[in-house]
Amino acid sequence: MGVSNFEQRDLENILTTATVTPHVNQLLVHAGNTPSELLAYCETKDILVEAYSPIAHGAILDNPDIKTMAAKYGVSVPQPCIRYTLQLGTVSLPKTASPAHMCANAEVGFTISSADMDALRNPQAQDYGEHSVFPVYSGK
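The number in our numbering is simply the position in the sequence shown, starting from 1, with 11 added.
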């Protein structure tokens with residue numbers, strides 16, 4: 012997914028007019044919704060990206076390709092989604108109220124291969140029903 016001109020233009024406007032440079036930009040980033048150009052732009056400006064909803068509000072948990080990848084790495088389904096955002100250089104912000112899920116979400120000490128990172132950038136199309144459109148799962 013490419014950066015929209017609006018998002019980059021907003022950042023450029025802030026950077027040229029603000030007296031304090033922003034240090035963090037919170038963006039929706041997850042497998043299938045990776046604004047690569049905006050992530051790169053933020054990096055060039057030393058703006059840390061916080062990736063909210065790395066598991067697509069839970070909608071991506073039923074994706075068979077993600078399930079297969081999780082099995083390949085011997086981890087739970089959310090873990091490769093969280094690790095994906097970390098390997099992109101973002102701070103991952105998964106949401107859960109479950110202490111057990113919080114602990115599992117933190118166990119991401121594995122590395123996803125380059126080929127699998129590419130697969131996560133563009134997962135196979137799947138109908139997520141009500142979760143198929145922004146802000147949850149773009150499907151693009």
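Cβ coordinates follow ideal geometry from the N, Cα and C atoms, glycine included.
The criterion of a C-beta distance shorter than 7 Å is not satisfied by residue 126 and residue 87. Per DSSP, residue 44 lies in no alpha helix (DSSP H) and is assigned neither H nor E. The three-state secondary structure of residue 125, taken from DSSP, is helix. Counting along the chain, residue 115 sits inside the alpha helix (DSSP H) bounded by residues 110–116. With a contact defined as Cβ atoms closer than 8 Å, residue 49 and residue 38 qualify at about 7 Å.
Here DSSP, grouped into helix, strand and coil, assigns residue 62 to strand. Under DSSP, no beta-bridge partner is assigned to residue 87.
Between the C-alpha atoms of residue 132 and residue 36 there is a straight-line separation of about 20 Å. One Cα belongs to residue 32, the other to residue 65, and the distance between them is close to 26 Å.
In the DSSP assignment, residue 119 falls outside any beta strand (DSSP E), carrying neither H nor E.
Residue state for residue 24 is assigned as helix, using DSSP reduced to three classes. Using a Cβ distance threshold of 7 Å, residue 104 and residue 63 count as a contacting pair.
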